[in-house]
Every structure is written in C-alpha cells, then in structure tokens.
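Written out below as structure tokens is the structure these notes cover.
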C-alpha cells in the first residue's frame with residue numbers, strides 16, 4: 001500500500017467503500033387483484049419502500065383477471081410515470097405462472113367479492129377454486145421461502161386453502177391480514193384517551209378477520225410521562241372495553257363502506273405494508289403485533305386453522321407471544337371465533353370433493 | 001427531539017387524487033420520514049360523508065407521523081395555519097362542457113380559495129396547484145392573494161417531468177433513476193414542451209447526453225413529445241379514470257424537492273411565476289427547469305435553446321396568454 005501514490009490510495013479506498021455500500025438486490029413482490037382499489041393504493045406504497053424499507057429496491061409483479069387487463073396495464077403505466085427510484089421493474093400480467101415467477105413475497109388481494117344477493121356458500125365456493133389454483137402456481141414458481149399474505153376475504157379460510165394446496169410452502173410462511181383490525185383497535189383506544197396512536201401498543205386481535213374477531217385490550221399499554229401504563233387502568237371502564245370498543249373494531253369495515261360507498265383500500269393497503277414490514281424487518285422491542293398464522297394449538301385454539309394471534313417477529317420469523325393470561329370474556333370471544341373458523345373450514349372443504 | 005408538526009392542506013381531498021395523496025403525506029413521502037404532519041382536508045358539502053370516511057381510514061392506519069386530521073367543508077377552518085397547500089379540488093371538465101364554462105367555474109373557486117389562504121394560512125405558506133387548468137388556476141390564486149409572495153405559488157408539471165424520465169428509461173431499457181434533467185416548459189396541457197436537449201444518463205463512464213444515447217432525433221422531436229403530452233389521455237383510456245397514483249406521487253416529489261432541496265447537479269420542472277427568463281412573457285405561471293435550496297426555487301439560467309425548442313416554448317406561452325385572457329374575461 002505504501003508504494004502507491006496518495007491519489008492511488010484514495011482510489012483504492014473509494015473502490016473498497018463502494019463495494020461495502022453496494023446496493024441491495026431487488027426483492028420480487030407479487031400483488032394479485034392488482035387492478036382493483038386495494039392494489040392501486042398498495043403498489044405506490046411498496047414502490048416507495050413502505051413495505052421493506054427505504055433502501056430496498058423492489059420489482060413488482062401485478063396479476064389480475066383478463067377483463068381487468070387494460071386497467072392493469074394502466075396501473076403499470078402510472079408506476080412508470082411516477083419514476084420511483086426503488087422500483088426496478090414492473091411485470092403486469094393475467095398469467096398466474098408469469099406473475100408467481102421468482103417472487104419472494106406474495107400479497108393475495110384478488111378474490112371473488114360478495115355481491116348483493118349471493119349466499120356465503122357461493123362466495124366460498126368461488127374463492128376455494130381461486131386459492132387452490134393460485135396455491136399450485138405459487139408452489140411451483142415462487143422463490144424458495146416465499147412469504148405469503150392473504151388479504152382477500154374470507155382471508156383466514158382462503159389462506160388455509162392456499163396452505164393445503166401448496167404443501168411444499170412451509171405453513172409458517174402462509175399468513176392472513178388482521179393488522180388492519182389491530183391498527184383500528186390502536187386508533188380506537190387512542191381516540192378514547194385523546195392521545196397519539198403511536199403511544200398505544202400491544203392490543204391483540206384474536207381469530208377470524210370477520211365480525212367474530214376478538215379485539216383484546218387486556219394487555220395493551222400506553223406510553224405516558226410516568227412510563228408505561230395499562231390501557232385497562234387508564235380507560236377505567238371495563239364495560240366500554242368489552243362492548244363498545246369490540247363493536248367499534250368489529251364493525252369498522254362496514255362503517256367505512258357506509259361513509260365512502262366503497263370498502264377500505266387506503267388503510268387495508270397500509271396495514272398490508274405494516275404486516276410484511278414487521279414480519280421481515282422485525283417488531284420493535286417490547287411490542288407485538290397481530291397476524292393470522294397457522295395455529296399450533298397455543299392458547300387452546302384448535303391447531304390447523306389460520307387464526308390471528310399476538311406475535312413478535314425476528315429475523316424474518318414470527319413467534320406467538322406465549323404466557324398471556326386469558327380472562328373469561330376473552331376465552332369466550334376466542335372460542336367463538338375459532339368455532340366460526342371451523343365452520344368455514346368445513347364449508348370450504350365441502351367444495352373440494 | 002421530535003420536530004414540530006407541519007400543517008398540510010389538501011383540497012378536493014375526498015376525490016381520487018386526494019385518496020392516493022393523503023397516505024403518502026402521512027408516511028413522510030412529502031416532507032421526510034422524520035417530519036410529523038397535521039393534515040387538513042377540504043372538500044365540498046356533497047362529499048362530506050366520503051371525506052369523513054377518508055379521515056376514518058387515516059385514523060385506522062395508525063400512522064406514526066400523522067399527528068392529527070381536520071376534515072372539513074369550511075375553507076377557513078381548512079386553511080388555518082397551514083404551511084403547505086396542495087390544491088387538488090376544482091371543477092372537472094364534463095362531456096359537452098365548453099372550455100369557457102370550465103374556466104369560469106374554476107376562476108370562481110380559485111378566487112375564493114385565494115382569499116381564504118391569504119387570510120388564514122401560516123406566513124410563507126407554499127402552494128401547489130394540481131387541479132386543471134393548473135397554470136391558470138394558480139395565476140388566479142396569485143392575483144387574488146396578493147400578500148402571498150408570487151414565488152410561493154406554483155403548479156404541478158412534475159408529473160409530466162416524471163413521465164418524460166419514464167419514457168426515456170423505457171426507450172433505453174435502463175433504470176429511471178439513471179435519467180435526469182429533462183425539462184417541461186410551459187403549460188400543463190397538450191401544448192407542454194418536453195425537452196431532452198440537456199437531459200443526461202448516468203453510465204459507468206459518467207454522464208452522457210440522452211440525445212446521444214437515444215440517437216434518434218426524429219423520435220425525440222416527434223413521438224416522444226406526443227407520448228408525454230398525451231400520456232394523461234392514455235391513462236384515462238386504460239383505467240377509465242384519470243391518473244391519481246402518479247399525480248399524487250408527483251405532488252409529493254414537487255413539495256419535497258422544493259422544501260428539502262434538489263440533489264446536486266439535478267434540476268426539476270415546476271410551474272412558477274415567470275420573471276421573463278428565456279423570453280417567456282413575465283406574469284404567467286409557466287413551467288421552467290428549477291433547482292431548489294433552503295426552501296426556495298431558482299430558474300436554471302443559461303441553457304441553450306435551439307430553434308425547435310424556441311417555437312415550442314412560444315406556442316405554449318401563447319396558449320397560456322389566451323387562457324389568462326379567458327380567465328380574466330370571466331371575472332368581469
């Protein structure tokens with residue numbers, strides 16, 4: 001080194017520096033149902049680094065059905081028009097194999113929506129077909145260790161079908177979104193206490209992403225001047241926590257539809273980003289989140305369902321928070337939502353024969 | 001210690017662009033990931049319930065940076081104390097409407113919003129007009145808010161600028177972040193002039209001119225220009241709705257670069273109050289190449305303008321002069 005001139009030493013040092021700060025390889029993210037409302041809200045969030053961090057380049061794979069092909073291409077055009085620095089490519093396709101090719105993360109927003117006059121049974125039957133087919137494609141074409149988030153309703157049961165028909169995808173990699181309900185619960189408590197939402201943490205959403213979900217504030221805390229305090233203590237109104245608060249969270253989706261005449265897209269997309277972000281990059285110390293995950297029987301929840309639990313995440317893996325005390329109302333709530341999930345599973349399976 | 005929140009107003013917030021824009025603002029895309037924000041959202045009474053739905057969703061998203069949301073149909077409440085105003089609300093052109101009718105409605109809207117902003121916004125409020133006809137709406141706003149410095153009133157041509165970067169990157173099959181320094185001159189309309197004469201590409205051997213690498217002046221002076229000029233219509237054809245995602249994103253880029261500064265060696269396009277640079281008539285809101293530093297924009301001076309460019313720049317100035325005359329005729 002000493003035989004090099006000062007200039008040469010600087011050049012060598014700069015070369016070494018640029019090696020160390022070499023940009024990350026892009027992560028491939030698939031969004032199904034990408035031509036719809038949630039997709040349109042979600043893709044710019046992903047392209048700006050909300051999902052995986054502001055230094056993580058991404059390649060988007062957008063999938064939708066043939067009737068939506070032109071609209072889907074319009075979304076691709078707008079993504080190009082936005083000149084996002086992190087967005088290293090966009091594939092917009094109606095071909096599920098092309099969409100799944102090499103993806104590291106799959107956000108399943110596409111599904112059959114319930115229309116006025118349709119029976120729950122009809123919707124379930126259509127979604128079972130969709131998720132069975134998509135399971136095969138993912139299993140065959142996605143990258144190893146692909147992380148899957150199912151958003152389309154019935155989210156938990158769609159995720160379960162997907163798991164059943166993609167047996168080589170580890171069960172722990174298949175999740176469904178209850179982060180939206182979790183965030184709504186945080187917001188509801190923040191509004192009640194007239195504080196900022198980022199000062200509330202550790203609510204739990206148990207069970208099904210449906211009206212039987214059980215929003216549980218019994219372990220939630222608030223950051224105050226005098227340290228962390230329990231939400232139960234600060235609200236000092238158990239009746240509110242067991243009635244109004246639960247209704248508020250359970251029915252928030254319907255309240256949004258009533259106001260907007262459309263279902264939640266902005267907040268659902270944001271929650272999907274939060275879910276993946278925390279899964280991949282880890283939950284903050286002392287904080288858990290809610291994710292619909294494959295039950296191992298924890299907390300007396302039947303194994304083999306996709307059920308929302310409190311989880312922490314570290315090094316790309318989620319772990320159910322163990323040892324939380326369950327009071328009587330929570331037990332009843334948790335069991336009711338498990339019961340609904342078992343019924344949904346039975347109904348779904350009835351379409352597979 | 002956390003920064004004090006910045007108040008950001010979005011008008012027309014219950015609409016498509018607003019719905020795309022507000023989560024971007026709440027995530028820090030507009031002012032940085034460490035800048036808390038307070039959102040003020042304004043829309044007209046028929047949209048009050050939808051607007052409240054947007055507020056509910058913002059609460060439901062539990063954004064750490066979002067320190068509060070005001071959703072209102074009252075322009076005074078909306079404008080109070082705002083540091084940044086993004087004017088998305090306006091009267092859209094419907095089938096069968098004459099240009100004069102649209103202009104007349106928008107002139108009324110921007111005249112009254114100008115008064116509200118002038119009376120109630122924070123000092124040095126930065127204004128970005130998005131609603132079309134963006135340049136002329138911004139000019140009306142400026143005329144009726146005389147105590148807001150002219151330099152604080154701008155319109156959005158960053159969308160066109162980003163579209164131009166995107167088209168070059170697609171043509172050359174390179175990353176869009178490796179293209180810079182296109183210029184959008186003039187009106188955010190089909191007479192805009194997307195100019196690549198000074199644009200460059202980052203290559204392993206340094207910056208190279210776009211003209212050299214594309215090596216097809218016919219395309220650069222023909223199809224490229226048309227594609228950028230008509231991109232809005234192409235999006236409408238594909239989506240059956242106008243651009244919201246890309247418009248919202250461009251609005252964030254415009255404000256972010258204005259407030260936080262443009263990167264060294266890079267300029268952007270903004271519709272700003274003309275001072276006569278490049279022989280563009282003074283007193284129009286015209287899109288120029290600008291750099292930004294310490295919260296101020298400055299027109300990039302000294303760029304050579306060839307004959308082809310001169311004609312295009314003059315044509316779009318002429319259209320703006322006509323729009324100005326039409327707008328003023330609606331005021332009498």
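Chains as they are written, first to last, in UniProt numbering: chain R, 1 to 353; chain D, 1 to 332. Just so you know, even glycine gets a beta-carbon here, dropped at the ideal spot from N, CA and C. Just so it is clear, the structure is predicted and the values come from calculations on it, not from any experiment.
Check                                                                                                                         : Outcome
Helix, strand or coil at residue 209 of chain D according to DSSP, with G and I counted as helix                              : strand
Minimum Cβ-Cβ distance from residue 29 of chain D to chain R less than 8 angstroms                                            : yes
When R:36, R:37, R:33, R:27 are compared against residue 46 of chain R, the one with the closest alpha-carbon                 : R:27
For residue 298 of chain D, the residue or residues it bridges with in DSSP                                                   : D:291
7 angstroms Cβ shell around residue 102 of chain D - same chain, five flanking residues per side excluded                     : 91, 93
Straight-line gap, residue 283 of chain D to residue 111 of chain D (C-alpha atoms, nearest Å)                                : 17 angstroms
Reference residue 288 of chain R; option with closest CA among R:324, R:189, R:169                                            : R:324
Test: residue 162 of chain D CB closer than 8 angstroms to a CB of chain R                                                    : yes
Length of the line joining the Cα atoms of residue 197 of chain R and residue 191 of chain R                                  : 8 angstroms
Residue burial classification, residue 245 of chain D (beta-carbon count within 10 angstroms, cutoff 16)                      : buried
Test item: CB-CB of residue 95 of chain R and residue 146 of chain R under 8 angstroms                                        : no
Helix, strand or coil at residue 240 of chain D according to DSSP, with G and I counted as helix                              : coil
Nearest-angstrom beta carbon gap, residue 162 of chain R and residue 131 of chain R [assumed within contact, 8 angstroms]     : 5 angstroms
DSSP three-state assignment for residue 34 of chain D, whether helix, strand or coil                                          : coil
Within 8 angstroms, strictly: CB atoms of residue 235 of chain D and residue 74 of chain R                                    : yes
Buried or exposed by the 16-neighbour rule on C-beta atoms within 10 Å, applied to residue 201 of chain D                     : buried
For residue 274 of chain R, three-class secondary structure by DSSP                                                           : helix
Residue-level contact to chain D via CB, residue 16 of chain R, 8 angstroms cutoff                                            : A caution first: residue 16 of chain R carries a pLDDT of 43, below 50, which makes its placement in the model unreliable, though a value can still be read off. No, residue 16 of chain R lies away from the interface with chain D (no Cβ there is under 8 angstroms from its Cβ).
Partner residues on chain R for residue 19 of chain D, Cβ-Cβ distance less than 8 angstroms                                   : 41, 265, 266
Simplified DSSP state of residue 38 of chain R, which is helix, strand or coil                                                : helix
Environment of residue 25 of chain R [buried if 16+ CB atoms lie within 10 Å]                                                 : exposed
Residue 316 of chain R versus residue 144 of chain R - alpha carbon distance                                                  : 14 angstroms
Coil, strand or helix - residue 56 of chain D by DSSP                                                                         : helix
Contacting positions in the region 231 to 250 of chain D - beta carbon closer than 9 angstroms to chain R                     : 231, 234, 235, 236, 237, 238, 239, 240, 241, 243, 244, 245, 246, 247, 248, 249, 250
Simplified DSSP assignment, three categories, for residue 180 of chain D                                                      : strand
Proximity of residue 155 of chain D and residue 285 of chain D at Cβ, strictly below 8 angstroms                              : yes
Beta-bridge pairing of residue 85 of chain D - partner residues as DSSP gives them                                            : D:9, D:127
Residue-level contact to chain R via CB, residue 53 of chain D, 8 angstroms cutoff                                            : yes
Span of the alpha helix (DSSP H) around residue 120 of chain D                                                                : 99 to 120
Meets three-Cβ-pair contact criterion under 8 angstroms: the region 105 to 118 of chain R and the region 28 to 37 of chain R  : yes
Identity of the residues DSSP links to residue 314 of chain R by a beta bridge                                                : R:317
Residues from the region 262 to 275 of chain D in contact with chain R, defined by Cβ distance under 9 angstroms              : none
Residue from R:266, R:65, R:134 with nearest C-alpha to residue 55 of chain D                                                 : R:266
Beta-carbon gap between residue 124 of chain D and residue 152 of chain D smaller than 8 angstroms                            : yes
Outcome for residue 361 of chain R when other beta-carbon atoms lying within 10 angstroms are tallied against a minimum of 16 : Outside the modelled stretch of chain R, which goes from 1 to 353, sits residue 361 of chain R, for which no answer is possible.
Residue 148 of chain D and residue 117 of chain D closer than 8 angstroms at C-beta                                           : yes
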